[in-house]
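Data first, discussion second: the structure below is written as structure tokens.
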Amino acid sequence: MKKLLLILLCVPLIGFGQTEYKKEYWDNGQLKEEGSYIDGKKEGPFKWYHENGQLRLEGNFKENTLEGLWKQYYKNGQLEFKGNYKENKREGLWKEYRENGQLKWERNFKDDYLEGFWKLYYLNGQLHREENYKEDKREGSFKLYYKNGQLKRECIYKENTLEGLWKEYHENGQLASYKSYKEGELISNKCWDEEGNEIDCE
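Each residue of the sequence shown is one higher than the last, beginning at 15 in our numbering.
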């Protein structure tokens, strides 16, 4: 019985590849990289470090391809960006942060292409720009803001080309220009000063 049990325990191991856990070090002795390899391919969680010992990058591999949540960090330990991979391609919401911890931008991906909303923020945390993408091309609403939150520009894109109305505003909220586009070509254009007086467009 003992002999039979030993044979049964050994059988599953035949199908497994050779696993090796590797570590690399900086010249100063600090750990630089660590992770597992199966038959020479990265598998499972991996970590990379800055020379000061702080974690720099962490994520997961599946058969040598990027898979799941990945995070990158500044030397001070603050999170720099985070997002998910699916079969080596970016998927879903990705966020990048400044070194002080403030959100810098957020984007959506599908199959490694920009898809859906894209937002960029000022240093003061105020929204700077928001736009939409479809298959890595601008599609739909585009808005740009002043640091005080006032709308600066709004327009529409169709397959990465300007289409329809474009409105630009002065920082006081007064309309600055009103343009019309068709397939990226400017059709008409009107301009106003900060008091609302119509002026020549440059």
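No residue lacks a Cβ here, since even glycine has one placed at the ideal position from N, Cα and C. Given the structure is predicted, the values throughout are model-derived calculations rather than measurements.
Alpha-carbon spacing of residue i relative to residue j, whole angstroms
i	j	result
residue 92	residue 210	46 Å
residue 143	residue 54	44 Å
residue 37	residue 45	7 Å
residue 31	residue 99	24 Å
residue 34	residue 75	14 Å
residue 159	residue 166	5 Å
residue 146	residue 152	6 Å
residue 60	residue 47	8 Å
residue 80	residue 97	11 Å
residue 105	residue 113	24 Å
residue 111	residue 71	14 Å
residue 201	residue 125	36 Å
residue 25	residue 127	Note on residue 25: pLDDT 34, under 50, position unreliable in the model; the coordinate value appears next. Using only the alpha carbons, I get a separation of about 44 Å.
residue 204	residue 67	58 Å
residue 63	residue 173	41 Å
residue 65	residue 213	58 Å
Residues near residue i by beta carbon distance below 8 Å, same chain, minus five either side
i	result
residue 138	161
residue 135	116, 117, 118, 119, 141 and 142
residue 19	Residue placement at residue 19 is flagged as unreliable, the pLDDT there being 29, under the threshold of 50; a coordinate-derived value is accordingly withheld.
Buried or exposed by the 16-neighbour rule on C-beta atoms within 10 Å, applied to residue i
i	result
residue 169	buried
residue 89	exposed
residue 185	exposed
residue 28	Caution is warranted here: a pLDDT of 39 is assigned to residue 28, below 50, making its placement in the model unreliable, and no coordinate value can be reported.
residue 215	exposed
residue 43	exposed
residue 83	exposed
residue 57	buried
residue 187	exposed
Proximity to residue i [Cα-Cα], best of the options
i	options	result
residue 130	150, 200 and 203	150
residue 132	121, 84 and 125	121
residue 171	199, 205 and 87	199
residue 178	187, 50, 189 and 156	156
residue 195	175, 108 and 64	175
residue 101	95, 73, 87 and 109	73
Strand pairing of residue i, partner residues [DSSP]
i	result
residue 69	63
residue 200	195
residue 215	The partner list for residue 215 (beta bridge, DSSP) is empty, contrary to what the question assumes.
residue 149	Paired residue(s): none; residue 149 is not in a bridge.
residue 141	135
residue 36	49
6 Å Cβ shell around residue i - same chain, five flanking residues per side excluded
i	result
residue 52	31 and 33
Sequence-distant residues of its chain with Cβ nearer than 7 Å to residue i (five each side left out)
i	result
residue 163	140
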